[in-house]
Amino acid sequence: MLSLEWSSGFERALKKWLGKHPADQELIRTRLEVFIDNPFAPELKNHKLSGQLQGLRAFSVSYDCRIVFSMVEETTALLVSIGTHDEVY
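Numbering (the numbering used here), first residue to last: 131 to 219.
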């Protein structure tokens with residue numbers, strides 16, 4: 131099982147996202163639970179990032195919502211940002 135850490139940037143971005151999309155709260159919670167159980171579950175579409183975000187990874191919450199994270203240890207992920215494709219990349 132994976133443990134999660136939240137960066138202050140992720141917390142700010144999450145509050146901003148939920149302010150605009152309050153109906154997504156349960157979906158985000160559900161996707162994070164899936165991520166904790168199996169970070170490479172097919173529905174998450176977990177993938178490496180490149181360019182300025184090289185070394186980070188992202189997974190999909192919904193069509194419009196992505197979560198960017200970094201693996202700080204084998205069993206710990208640091209959540210970095212959340213937002214649309216254009217906002218986080």
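Just so you know, even glycine gets a beta-carbon here, dropped at the ideal spot from N, CA and C.
- Item | Whether Val164 touches Ala171 by CB criterion (8 Å) | Cβ atoms of Val164 and Ala171: closer than 8 Å.
- Taking Cβ positions, are Ile166 and Met201 nearer each other than 8 Å? Met201 sits away from Ile166, with the two beta carbons spaced by 8 Å or more.
- Message: Could you tell me the alpha carbon to alpha carbon distance between Ser179 and Arg196, rounded to whole angstroms?
- Response: Before going further, note that residue 179 is Leu rather than Ser in the sequence given. Each residue's Cα considered, the two are about 12 Å apart.
- Message: Would Phe199 and Leu183 be called neighbours here (beta carbons separated by less than 8 Å)?
- Response: no
- Message: Am I right that Ile212 and Leu157 are in contact with their C-beta atoms under 8 Å? What's the rounded C-beta distance?
- Response: About 12 Å separates the two Cβ atoms, so there is no contact after all.
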